[in-house]
Amino acid sequence: MESRHMTGGADAHQSGVKGMFARLARRYDLVNTLASLGLDRRWRRAAVDAAALDGGGDVLDVCAGTGEMTMALAGRLDRGRVVGLDISPEMLAVAVHKAAALQARRGEGASSGPDFLAGDALDLPFAAASFDVVTVAFGVRNVPDRAGVFREAWRVLRPKGRLVVLEFTRPPGLSLRALHRVYLRTVVSLVGGLLTGDVASYRYLGRTIAGFPEPAVLAGEMAAAGFASVRWRYLSGGIVALHVGIRD
Ligand SMILES: C[S@@+](CC[C@H](N)C(=O)[O-])C[C@H]1O[C@@H](n2cnc3c(N)ncnc32)[C@H](O)[C@@H]1O
C-alpha cells in the first residue's frame with residue numbers, strides 16, 4: 098500500500114524501508130532485546146505509562162511492527178480496542194502469531210486481543226476522531242514525511258486525545274554521544290549483522306539515529322502539526338526520547 102502523499106524519492110525510500118523490515122522480521126525482536134540489553138521492554142513500558150490509558154479507550158499503535166508495543170498497550174486495557182498498523186506484512190505476520198500464542202497461553206478467545214492491520218502511517222484507514230491515543234514506537238524515524246505522520250495522528254485522534262512518540266536519539270554531552278556512536282557502529286551492527294546476515298540494515302539504523310532531529314526539534318514538529326502541551330524526556334541517559342502531545 099503506497100501513500101498518495103509521497104514524492105518519487107520518498108516513495109523509493111519507503112519501499113526500501115519496507116523491503117528491509119520484510120527481511121528483518123523473523124529476527125527483529127531478538128536483535129532488539131540483545132542490542133538494547135533488554136532495555137527495549139522498559140522503554141515501551143514507559144510509553145504505555147505515558148499513554149495514561151486508565152483502563153479503557155480506543156488506541157492506535159502506528160508502525161506496530163512485530164506488535165511488542167501493541168500488545169503492551171492491550172495488556173493495560175480492560176475495555177476499548179487496540180489496533181496495531183504497519184506497512185510491512187512480514188512484520189505484522191510475526192505480530193499476529195505472537196498475539197495468538199499469548200491468547201492461547203492465557204486461554205482467551207481471539208477476539209480479546211489487539212487487531213493488526215496493514216496500512217500506511219501517512220494515509221491512515223480511519224475516520225477523523227476515531228481514537229483516544231495514538232502511539233508510534235521507533236517508527237517516525239523510518240518515514241520520510243514525519244510531519245505527515247503527525248498530521249494523520251492528529252486527524253484520527255479525538256479532541257484531548259494523546260500522541261505518544263518513542264524514538265531513538267543521541268545522548269546529550271559530547272563524550273556520551275561519542276560512546277553511543279561507537280556502540281551503534283560496533284555492538285548493534287555486529288549483533289544485528291550476525292543474527293540477520295544483514296549488516297547494512299543495522300548500519301542504516303545508526304545513520305537514521307545520527308540524522309534524526311534533537312528532541313526539542315521533534316517537539317516543535319509535533320506542535321506545528323497541531324499538538325498542544327508537547328513535553329518530552331530522555332530515557333536511559335538519552336539513548337531514547339519519549340514525547341507526548343495533546344490533540345487540541
Ligand atoms: C523499528 S520498527 C518498530 C516496530 C515497533 N513499533 C517496535 O516498537 O518494535 C519500525 C516499523 O515501522 C514500519 N513502517 C515504516 N514505514 C511505515 C509507514 N509509512 N507506515 C506504517 N508503518 C511503517 C516498518 O514496517 C517497521 O515495522
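When we follow my numbering, the leftmost residue of the sequence shown carries the number 98, and every step to the right adds one.
Every residue, glycine too, gets a C-beta built ideally from N, C-alpha and C.
Distance cut-off 7 angstroms: Ile-184 Cβ against heavy atoms of ligand 1:
yes
Pick from Leu-134, Gly-294, Leu-157, Leu-339 that is closest to Ala-215, judged by C-alpha positions | Leu-157
(request) Using 7 angstroms as the cut-off, classify the Cβ of Arg-123 as near or not near the heavy atoms of ligand 1, replying yes or no. (result) no
- Give every residue of the same chain whose Cβ lies closer than 7 angstroms to the Cβ of Pro-268, excluding the five residues on either side of it in the sequence, and list them in chain order. Arg-274, His-277, Gly-334, Gly-335, Ile-336
| Residue span of the alpha helix (DSSP H) that contains Ala-313, given as start and end | 312–321
query = Where are the alpha helix (DSSP H) runs, 4 residues long or more, that stay fully inside the stretch 266–315, in chain order?
reply = 271–280, 286–293, 296–307
Check your understanding: Any heavy atom of ligand 1 closer than 7 angstroms to the Cβ of Phe-309?
Key -> no
Do Gly-323 and Asp-345 have their beta-carbon atoms positioned less than 8 angstroms apart in this structure? yes
query: Where do the ends of the beta strand (DSSP E) carrying Val-341 lie?
result: 337–344
DSSP three-state call for Ser-100: helix, strand or coil?
Interpretation of Ser-100 is limited by its pLDDT of 39, a score under 50 that renders its predicted location unreliable; the figure taken from the coordinates is listed afterwards. If DSSP states are grouped into helix, strand and coil, Ser-100 belongs with coil.
- request: Verify whether the separation of the beta carbon atoms of Met-117 and Tyr-280 is less than 8 angstroms.
  value: no
May I ask you to list the residues that DSSP assigns as paired with Ala-215?
Asp-183
Original post:
Around the C-beta of Val-314, are 16 or more other C-beta atoms found within 10 angstroms, so that it is buried, or is it exposed?
Top reply: exposed
task: Express the C-alpha separation of Glu-318 and Ala-107 in angstroms, rounding to a whole number.
output: 19 angstroms
Any heavy atom of ligand 1 closer than 7 angstroms to the CB of Leu-136?
-> no
Quiz item: Can you tell me the Cα-Cα spacing of Val-145 and Val-341, whole angstroms?
Solution: 11 angstroms
Which residues bound the beta strand (DSSP E) around Phe-324? 324–332
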